[in-house]
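Working notes, structure below.
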Amino acid sequence: MLNENKNYALDDFINEEKSSLSSSQGLGINIRAEINFLNIRGSINDSDFIKHVEAVFQQALPLDFNTFSVGEHHIYWLAPDEWLVVTEHDLKPILQKISPEIDLYITNQTGGYTQLILQGDYARSLLSKGCTLDIGEKKFLIGQCAQTGLGKAGILLALTDSKPSFNIIVRRSFAEYVGLWLKQCGNEFGVNFTHKH
Amino acid sequence: MQTNRLNQGGFIDRHKTLRFTFNGQSYFGYQGDTLASALVANDIKIVGRSFKYHRPRGIIGSGAEEPNAIFQIGSGATTEAGMRATQIELYDGLVAKSEKGWPSLSFDIAIINDWFSKLFGAGFYYKTFMYPAKFWKIYEYFLRRMAGLGRAPKQPDPDHYSHQNIHCDILIVGAGPAGLIAGVSAGKSGAKVIIADDQAMFGGSLLASKEIIGGQSSEEWIASQVEILKTLPNVTCLPRSTVFGYYDYNFLTINERCTNHLSEFTAGKIRQKLWRVRAKRVVLAQGAFERPLVFPNNDRPGIMLASAVSNYIHRYGVIPGKNAVLFTNNDSAYQAAIDIKTAGAQSVLIVDSRSEQPSDMVDAAKKCGVELQFDAVIRNVIGNKSIKAVQISAYDASDNTCKDKAEKRDCDLLIYSGGWSPAVHLHSQSGGKNKWDNERHCFVPGKPSQASSSIGSCNGTWILEDCLKEGITCAQEMVTNLGFKAVDMKLPSSKKTKINPMMPLWQVIAKDSSENLPKQFVDYQNDTTVSDIYLAVREGYTGIEHVKRYTALGFGTDQGKLGNINGMAILGQALKKPIEQIGTTTFRPAYTPVTFGVVAGEDIDEMFEPTRKTAIHDFHADRKAPFEIVGQWLRPWYFPEDNEDMLSAVSRECIAARSSLGIMDASTLGKIDVCGKDAVSFLEKIYTHDVAKMAIGQCAYGIMLGEDGMIKDDGVMARLGENHFYLTTTTGGAANVMSWLEQWLQTEWPHLDVYMTSLTDHLSTIALVGPNSRRVLQTLVNTDLSAEFFPFMRTCKSEIAGIAIDLYRVSFSGELAFEVNVNSNFALHLWNLLMKAGKDFGITPYGTETMHVLRAEKGFIIVGQDTDGSVNPLDAGLGWLISKEKDFLGKRSLERADSLRKDRKQLVGLLSVDNKSVIPEGAQLIEKKATSGPTPMYGHVSSSYYSPILGHPIALALVQSGRNRYGEKLLAVSSDAKAIEVSITKPIFYDLKGEQQRVE
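First to last, the protein sequences are chains A and B. Residue numbers for the first sequence follow the working numbering, beginning at -1 and rising by one. Residue numbers for the second sequence follow the working numbering, beginning at 2 and rising by one.
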């Protein structure tokens, strides 16, 4: 019942049929609405913290900068003491497992982020139009992530497979801008968004 | 009629005829032509009028150096100004107009400037149009009309422009022989290479040459190299792409013209692209510019650079004249004489300022029937609108002067060459210095200041074989350096020509007084002459940068590509100093003009700036609320009902909030979660109040100061746990506050165990405001909201319809009010639930304007409106927030003598004496009685509204010693209203005791 009452950024962009946007030129954009975000803070010098996080999420905490781990969830490294968990799982059972004894600070960010998935041959070229980071095949590898910019918005960018598929995680209030940006700049590569309105 | 078109040769397609118009007249050219080559083919002599003297001018060059053939292309929204005909590829239907010449090119009224040119020396405009000052507007009208720098379209640009970031190992600028072979060499090693050239075809100088390279004709050799580049997936070839800027950290910008060559407008296609390149290494192989020679009337139509003549013949099958004279001081120009004679010119005479010495070029010239005259110079040109003849005099190298006796020679084309200047522009932009080379008589690039190398003729290397060798070596060194394995490259064989050295000849000096000679132009685009440079020296300008500004030498859109070196050398002669002591002026981007469209790229219209919308935005939009932009956020301003105007809507909203129930979307507030063992001691240093004393669940209004003691930001903060806080910031200050806090934490107090996380987007905030807010909210929550359990300035967790919420009993209106924080995904739903629950109490959504009125009635400040970075807490009447018991950022500054001054501006209230006039915000407050001399300004109005609940206007102001002036009357004056008499009051107007917000 609750889910019917949710509304997401980029609602307008979500195709009613499949919530995916594709183009003739091997580029697709998918907007993932039904996912949860958790921000985790703690010290990597505190082994109890690391052990506890890994126990709670049943997954390795990425300690190398600008990488992410994949398991039941995606866990992204954001800073030496900060990670972002992106998960399809219900948060309640996860949060219940967290021990108050451990110096682990967690904030729910589910309403604060939107995730888009950009996929296909031209994904790199399209992103490079507005992203100054080197995301060339040899430089930005599967399993890497980076907090960078797209146009005039900040994004978290991650490469998940060789199609290539990029996860773009953006703050809710900038999601519409990023959606419009991809739509407009995608013209060059034949990206065709279906727009509800 | 294409009278100058040859029957064969050139990279043009004679089967594809293209029609174009020039100054309203129709002409034909061929596919592959530039506009310039088509004009030369049609024997168009005059293409423009000069900048100052309005002298007729013809095409001189064939590339980026062209100073005269500068046109307005197209019309309407797609018109472009300042376009060089030599760089415009011809398309069918092209429309070109000269930018100067009024009423017509052939008769330009302002030619009188030329007749009276004695009056118009350098600095004429500076000196003449100074007085009387108010006449400038009249002078300006006529001067602008005469200057004629082209017109920008008035309509919006319908074209699409694109930006692309790209990283590479090696960027090669220029695809001439050196650049091409460097590209192939680097490309084969596997390095990521970009090779850019401003021409449509790669090949550079080889396109106009008949050299044999490695057994192939130059045309075949170019084609084979380009073929190799195209098969390499790691190489990006960018023709029609000008590298126009070289910035720090090997960041370079390229302007690619994608569809300019197809038509004036290509719907749905990208017209131009801006490549933003970050290169590990840069190879500069841009080539060199041929220098003109300086002699009287050296600007007459029909005078052309030697390299341009070869280009027109070989690349476009166009012969620019039938009877040519070639004036040179070097061997390379001989090629043009040979080319034009071979192409069918009736007579060609080389006038060489040097003495005869055997050389391959001399032999070749003689062999094909070119006449030669040594130890001679051109001393004047006869013919006004086109060249008729030249005067040739013997030249005396011992004293650098020519004999008076002149011999006349008829001709229709004067070809000239003063040697070559390497295109050091990008090297110079990158921070590299240039050094004068006394053997080659040109500036060559000095030590690079970034990871770059200059090769080929832009390094002063003239022999083809040496250029190719430099290309290979440079590429191999770079790739090895970058960790790639260099591929062995065989140096292709090429003809070794014996060349005699050039003779520096900066100016043809006659034995008779040079004052009476016709003008000798140094910079064609700005009409800078030799006598202007001498005048500048006489007037005391000796530095090249000063002379440049006084004479406008090198200021044109060609940036002195032709004139600079001659100008510097002539300045050297005037100052009796060698040229290396004169130095060069600074080269700056852009190398050639770049259209604004491509700079803006896709960041236009709605994409110019991100607009952030709250999760409740759809409600506001449905209610047709006008929006106000606050820190990129769109906030509803007010909610008009039916045909209400703003004032009525705001009045209705204010009364509703004060008398029953209002609801506001406060989601744009900055929200920060702070936790960690040292959260308390961290926040103690940040806020001025006693954070440690706050109970869990308690809220406080807090301010943070800069190190200067001035108010930086404010907002309610709450203690959620022993080591857990929630802070709010102003909407516009959210990002700045976060980075300010992180800066202190990370750089000054890294020992503190504190973690801050932004919640701004995750949480939406709904404010429920008014005497009925508690009653309505209570119907939705189980939490006891009575004052006993949930008093003013408290927070707790709760739930509405299964949705978790955080409740805050805080007030920015002075009314009983609650703020509800909720996961943004549920915010719109919750808002609708609250709207429904409040229906019976006339729940009224209100926007930022009502919020402002309500807070101003209470005298609550807005940071950034009632403060401006020079207001400390004492000024704002917030002294009560300052803890005496602890240290915090800015505290010491509050004890500076200046902070304690008695006459500081303080926050006060203002009432208009007539009780009707709303005082304009920003109005200055002055003495009622006029004083002589400048009127002292005591302060200004920072906030001003009509208060519906009070029925009269109110205002807040910052006034010197304001708190001692209560009751005093002043005048509020501004440029857009009559002076209003105001009286100073306390900065609070409504519910003076604060009973409403604390109501039990």
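No residue lacks a Cβ here, since even glycine has one placed at the ideal position from N, Cα and C.
Residues bridged to residue i (per DSSP)
{"i": "Cys169 (chain B)", "result": "B:Ala280"}
{"i": "Arg292 (chain B)", "result": "Arg292 (chain B) is not bridged to any residue."}
{"i": "Arg39 (chain A)", "result": "A:Glu80, A:Tyr103"}
{"i": "Arg56 (chain B)", "result": "Note: Arg56 (chain B) sits in no beta bridge, so no partner."}
{"i": "Gln217 (chain B)", "result": "B:Ile214"}
{"i": "Leu971 (chain B)", "result": "B:Val983"}
{"i": "Val1 (chain B)", "result": "There is no way to answer for residue 1 (chain B), as the model of chain B reaches only from 2 to 1001."}
{"i": "Ala768 (chain B)", "result": "B:Met665, B:Glu820"}
{"i": "Trp463 (chain B)", "result": "Beta-bridge pairing links Trp463 (chain B) to no other residue."}
Helix, strand or coil at residue i [DSSP, three-state]
{"i": "Glu685 (chain B)", "result": "helix"}
{"i": "Asn737 (chain B)", "result": "helix"}
{"i": "Gly457 (chain B)", "result": "helix"}
{"i": "Trp507 (chain B)", "result": "coil"}
{"i": "Thr529 (chain B)", "result": "strand"}
{"i": "Trp750 (chain B)", "result": "coil"}
{"i": "Phe597 (chain B)", "result": "helix"}
{"i": "Asn34 (chain A)", "result": "strand"}
{"i": "Met665 (chain B)", "result": "strand"}
{"i": "Lys4 (chain A)", "result": "coil"}
{"i": "Arg966 (chain B)", "result": "coil"}
{"i": "Phe47 (chain A)", "result": "helix"}
{"i": "Trp75 (chain A)", "result": "strand"}
{"i": "Cys259 (chain B)", "result": "coil"}
{"i": "Ile71 (chain B)", "result": "strand"}
{"i": "Lys194 (chain A)", "result": "The pLDDT assigned to Lys194 (chain A) is 37, lower than 50, so where the model puts this residue is not dependable; a value taken from the coordinates is nonetheless given after this. DSSP places Lys194 (chain A) in coil when its eight states are reduced to three."}
{"i": "Gly246 (chain B)", "result": "strand"}
{"i": "Cys468 (chain B)", "result": "helix"}
{"i": "Tyr592 (chain B)", "result": "coil"}
{"i": "Gln145 (chain A)", "result": "strand"}
{"i": "Glu440 (chain B)", "result": "coil"}
{"i": "Gln32 (chain B)", "result": "strand"}
{"i": "Pro91 (chain A)", "result": "helix"}
{"i": "Leu230 (chain B)", "result": "helix"}
{"i": "Tyr991 (chain B)", "result": "coil"}
{"i": "Gln779 (chain B)", "result": "helix"}
- Output, in sequence order along the chain, the residues in the stretch 583 to 611 of chain B whose CB is closer than 8 Å to any CB in chain A. For the stretch 583 to 611 of chain B, residues whose beta-carbon sits nearer than 8 Å to a beta-carbon of chain A comprise Glu603, Asp604, Glu607, Met608, Glu610, Pro611.
- Item | Selection of the stretch 133 to 150 of chain A by Cβ proximity to chain B, strictly under 9 Å | Cβ contacts with chain B come from Ile133, Gly134, Lys136, Lys137, Gly149, Lys150.
- Interfacial residues, the stretch 740 to 762 of chain B to chain A, with Cβ spacing under 9 Å: From the stretch 740 to 762 of chain B, only Asp754, Tyr756, Met757, Thr758, Ser759, Leu760, Thr761, Asp762 have a Cβ closer than 9 Å to chain A.
- Entirely enclosed beta strand (DSSP E) segments - the stretch 845 to 924 of chain B, minimum 3 residues: Taking 3 residues as the shortest admissible run, the stretch 845 to 924 of chain B contains the following complete beta strand (DSSP E) segments, listed from N- to C-terminal end: 906 to 913.
- Does the stretch 59 to 78 of chain A come close enough to the stretch 126 to 137 of chain A that 3 or more CB-CB pairs lie under 8 Å? Here the stretch 126 to 137 of chain A does not lie against the stretch 59 to 78 of chain A, with fewer than 3 beta-carbon pairs under 8 Å apart.
- Message: Contact between the stretch 172 to 181 of chain B and the stretch 285 to 293 of chain B is defined here as three or more beta-carbon pairs at a separation below 8 Å; is this criterion met?
- Response: The stretch 172 to 181 of chain B, when compared against the stretch 285 to 293 of chain B, does touch it at the 8 Å Cβ threshold.
- Within 7 Å of chain B by C-beta, residues of the stretch 32 to 64 of chain A in sequence order: So the close ones are Asn37, Arg39.
- Item | Residue ranges of each alpha helix (DSSP H) within the stretch 817 to 847 of chain B, 4 or longer | The qualifying runs are 828 to 838.
- Near-chain A residues of the stretch 676 to 688 of chain B (beta-carbon distance less than 8 Å), N- to C-terminal order: For chain A, the residues of the stretch 676 to 688 of chain B that bring a beta carbon within less than 8 Å of one of its beta carbons are Cys676, Gly677, Lys678, in chain order.
- Task: At 3 residues or longer, and completely inside the stretch 147 to 214 of chain B: list those beta strand (DSSP E) runs for me, N to C.
- Result: As far as the stretch 147 to 214 of chain B is concerned, its whole beta strand (DSSP E) runs of at least 3 residues are 161 to 174, 194 to 197.
- Message: Short of 7 Å Cβ to Cβ, which residues in the stretch 161 to 179 of chain B face chain A?
- Response: Within the stretch 161 to 179 of chain B, Ser163, His164, Gln165, Asn166, Ile167, His168 place their CB atoms closer than 7 Å to a CB of chain A, listed in sequence order.
- Query: Does the stretch 362 to 370 of chain B come close enough to the stretch 332 to 344 of chain B to have 3 or more Cβ pairs within less than 8 Å?
  - Reply: In this structure the stretch 362 to 370 of chain B lies against the stretch 332 to 344 of chain B, because at least three pairs of beta carbons, one per stretch, are closer than 8 Å.
- Can you find at least 3 beta carbon pairs, one from the stretch 987 to 998 of chain B and one from the stretch 815 to 823 of chain B, that sit closer than 8 Å? Three or more pairs of CB atoms, one per stretch, sit closer than 8 Å, so the stretch 987 to 998 of chain B contacts the stretch 815 to 823 of chain B.
- Does the stretch 306 to 324 of chain B come close enough to the stretch 433 to 441 of chain B that 3 or more CB-CB pairs lie under 8 Å? Fewer than three Cβ pairs drawn from the stretch 433 to 441 of chain B and the stretch 306 to 324 of chain B lie within less than 8 Å of each other, which leaves the two stretches out of contact.
- Task: Select from the stretch 155 to 182 of chain A all residues with a C-beta closer than 8 Å to any C-beta belonging to chain B, and list them in chain order.
- Result: Cβ contacts with chain B come from Arg169, Arg170, Ser171, Phe172, Glu174, Tyr175, Leu178, Trp179, Gln182.
- Would you call the stretch 158 to 169 of chain B and the stretch 456 to 466 of chain B in contact, with 3 or more CB pairs under 8 Å? No contact exists between the stretch 158 to 169 of chain B and the stretch 456 to 466 of chain B.
- Using 8 Å as the threshold, is the stretch 318 to 338 of chain B in touch with the stretch 348 to 362 of chain B, meaning 3 or more CB pairs across them? Two segments are said to touch when three or more pairs of C-beta atoms, one from each, lie closer than 8 Å; by this definition the stretch 318 to 338 of chain B touches the stretch 348 to 362 of chain B.
- Task: May I ask you to verify whether the stretch 420 to 435 of chain B touches the stretch 255 to 273 of chain B, counting CB pairs closer than 8 Å and requiring at least 3?
- Result: No, the stretch 420 to 435 of chain B does not touch the stretch 255 to 273 of chain B.
- Query: In chain order, what residues of the stretch 811 to 826 of chain B put their CB closer than 7 Å to some CB of chain A?
  - Reply: Within the stretch 811 to 826 of chain B, the residues whose Cβ lies closer than 7 Å to some Cβ of chain A are Asn824, Ser825, Asn826, listed in chain order.
- Residues of the stretch 96 to 129 of chain A with a CB closer than 8 Å to any CB of chain B: list them in chain order, please. Across the stretch 96 to 129 of chain A, CB contacts with chain B closer than 8 Å involve Asp101, Tyr103, Thr105, Asn106, Gln107, Thr108, Gly109, Gly110, Tyr111, Ser123, Ser126, Lys127, Gly128, Cys129, in sequence order along the chain.
- Contact list for the stretch 71 to 87 of chain A against chain B, Cβ threshold 9 Å: Close to chain B, meaning a Cβ-Cβ distance shorter than 9 Å, are the following residues of the stretch 71 to 87 of chain A: Asp79, Glu80.
- Item | Inter-stretch contact at 8 Å, needing at least 3 Cβ pairs: the stretch 489 to 503 of chain B / the stretch 555 to 568 of chain B | Verdict: no, contact absent.
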